[in-house]
Ligand code: PEP
Ligand code: MG
């Protein structure tokens with residue numbers, strides 16, 4: 201008897217990183233407290249115990265960081281919290297919980313997460329016989345510590361994403377930017393997640409890595425099994441589980457066509473980005489991971505217009521030191537062979553933060569309206585100064601500009617520049633190699649208040665870089681990473697365009713260089729509008745450079761200017777998209 205062939209199933213979501221991915225499902229259930237449970241072969245028991253020890257060590261460090269925070273709390277709060285944290289720390293010593301888990305791993309040959317869960321259940325059973333409020337409260341503390349251990353353990357899964365078999369398609373409820381940073385594009389064929397919007401950092405990273413990805417998809421994790429074959433269409437947002445042979449053949453053909461198109465575009469690499477009437481445009485690359493440097497070179501980027509340094513802060517629960525940061529940055533500056541690199545200071549915060557960092561810095565940093573970007577840097581000037589030292593040292597090896605994220609007011613810039621100047625003086629005094637003069641220091645315009653105060657900000661900045669992703673999010677009060685409001689995230693909304701126009705005009709008045717590095721810069725459908733608004737410098741995912749260059753070479757500046765004028769008179773984002781579409785069809 202032949203086994204029944206599984207039925208082809210379709211899942212729909214947001215296609216956020218284009219391309220066709222064909223591979224085998226790896227289902228990762230990272231649901232908060234579904235504790236994984238499996239047997240450990242005898243030869244791996246030692247490794248499992250070491251994994252548990254690591255999780256305990258990490259929990260201790262997390263608690264110590266909380267203790268430091270507790271010290272700045274008012275009176276009784278400090279006392280209460282300190283007592284509680286002391287109790288947690290002793291539970292992480294040679295307590296029954298820790299000994300019990302170790303014994304369970306050894307005797308039951310089970311994974312550490314399951315052993316923690318079992319030990320908590322065992323202790324609860326013993327406590328249940330005692331009717332005492334104090335004991336009940338202690339039980340809650342044990343659960344808290346146990347859950348922290350489980351979280352730490354599941355954060356370092358037995359099979360890290362970076363080591364999945366070649367051709368895997370990751371299927372998960374949520375893919376964080378930190379997860380995405382660990383994906384190896386040579387091994388991962390695609391990704392599918394329930395959560396996530398089109399302009400969040402997970403999306404940006406997936407695009408940068410060229411991994412076909414669908415986020416915000418409607419399905420349940422339980423409906424897909426590891427090992428099933430999958431097609432991810434990152435353009436249309438369709439994912440097909442167990443495709444029938446005919447479907448597979450169609451998608452294989454589509455994938456081949458895309459590869460051919462890419463090859464044809466790559467011939468533009470050595471052509472200049474110049475409009476039909478001879479206006480030269482600078483096309484630089486956005487970079488989020490060192491692994492992208494090859495793609496940046498292949499795309500023929502004129503430089504790096506936005507180097508997001510967050511990758512250095514991801515997937516770790518401490519902060520990178522000066523040497524680590526210097527090594528990474530120097531490598532990237534040298535790889536650009538004399539072409540400029542714009543290094544943005546840390547913009548952790550909002551959805552970009554790794555869970556582990558919250559433990560050290562508090563919950564405000566996980567709010568997009570909280571301690572994000574420059575605000576965090578000014579609250580933790582030690583982190584900022586360390587990063588400035590690393591950047592200034594890297595700047596000795598090639599042309600560098602420094603870019604500050606999430607600026608709202610001129611005093612933020614003035615304060616930051618003072619710290620930069622101090623770091624520069626100190627390095628010189630120490631005899632460390634740095635450039636002769638301080639590199640230019642510019643700011644992101646991505647908060648509506650900054651766009652409206654662009655004249656004042658121009659006086660304290662050396663250049664502007666428009667961040668249309670956050671500018672759209674904050675102007676429209678629409679979370680860029682939330683699939684539920686993805687349709688409202690309209691970068692062509694007239695309010696967003698007015699703020700961009702105000703920024704360009706202020707830069708022109710102050711004769712300040714200005715570029716645009718949000719995702720809208722990398723979409724060739726927007727190129728005419730952005731040229732018409734006055735941009736001559738763009739920064740985008742390396743993969744988009746050839747497509748935008750092709751568009752620029754087909755455009756006439758005065759036609760683009762006229763179309764931008766008409767667009768700026770519109771009141772509706774949908775109509776603006778239509779006007780652009782018509783224009784692109786005519787001039788394309
Ligand atoms: C932006 O907000 O447009 C931007 C380029 O910065 P990021 O996407 O890193 O927030
Ligand atoms: Mg931003």
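Numbering (our numbering), first residue to last: 201 to 788. Glycine is no exception: its CB is placed at the ideal position from the N, C-alpha and C atoms.
Within 10 angstroms of the beta-carbon of residue 363 lie fewer than 16 other beta-carbons, which makes it exposed. Under the three-state reduction of DSSP output, residue 646 falls in the coil class, being neither helix nor strand. Closest option to residue 690, judged by alpha-carbon separation, among 764, 772, 214: 772. Residue 650 has its alpha-carbon roughly 26 Å from the corresponding atom of residue 724.
For the options 295, 726, 316, the alpha carbon positioned closest to that of residue 304 is the one of 316. As computed with DSSP, residue 215 is found in a beta bridge with 414. With a cutoff of 7 Å, residue 668 counts as near ligand 1, since its C-beta is closer than that to a heavy atom of the ligand. For residue 737, the enclosing beta strand (DSSP E) begins and ends at 737-741. When the five nearest sequence neighbours on each side are left out, the beta carbons in the same chain lying within less than 7 Å of the beta carbon of residue 427 are those of 224, 225, in order along the chain. The Cβ atoms of residue 740 and residue 494 do not sit closer than 8 Å to each other.
The beta carbons of residue 415 and residue 213 sit closer together than 8 Å.
Looking at the DSSP output, residue 226 sits in a beta bridge with 370.
Between the C-alpha atoms of residue 683 and residue 374 there is a straight-line separation of about 12 Å. Residue pairing of residue 239 in beta bridges, as defined by DSSP: 310. The closest CA to that of residue 377, considering only 295, 391, 366, 386, is found on 391. Of the residues assessed, residue 242 falls on the exposed side of the cut-off, its CB having fewer than 16 other CB atoms within 10 angstroms.
In this structure residue 547 does not touch residue 505 by the C-beta definition: roughly 15 Å separates them, more than the 8 Å allowed. In this chain, the alpha helix (DSSP H) harbouring residue 701 covers 694-709. Beyond the five residues adjoining it in sequence on each side, residue 335 comes within less than 7 Å, by CB distance, of 327 in the same chain, given in chain order.
When beta bridges are read from the DSSP output, residue 433 appears opposite 220, 438. The beta carbons of residue 728 and residue 763 sit closer together than 8 Å. Closest in C-alpha terms to residue 544, from the list 429, 666, 627, comes 666. With a cutoff of 7 Å, residue 644 counts as near ligand 2, since its C-beta is closer than that to a heavy atom of the ligand.
Proximity to residue 604 across 658, 255, 625, 641 peaks at 641, based on C-alpha coordinates. When DSSP assignments are scanned along the stretch 456-526, the uninterrupted stretches of alpha helix (DSSP H) that are 4 or more residues long and fall wholly within it turn out to be 493-498.
Pairing residue 765 with residue 732, the inter-Cα distance amounts to about 8 Å.
In the three-state reduction of the DSSP assignment, residue 632 falls in the coil class.
For residue 305, the three-state secondary structure derived from DSSP is helix.
Residue 706 counts as buried, since no fewer than 16 other beta carbons sit within 10 angstroms of its beta carbon. Residue 330 counts as exposed, since fewer than 16 other C-beta atoms from the protein chains shown sit within 10 angstroms of its C-beta.
Here residue 367 has 223, 224, 389 as same chain residues with Cβ atoms under 7 Å from its own Cβ, once five neighbours each way along the sequence are excluded.
For residue 542, DSSP records a beta bridge to 601. Annotation: residue 753 to residue 596 spans about 35 Å, alpha carbon to alpha carbon. A residue is called buried once 16 or more other Cβ atoms fall within 10 Å of its Cβ, and residue 784 is buried on that count.
When the beta-carbon positions are compared, residue 745 and residue 483 come within less than 8 Å of each other.
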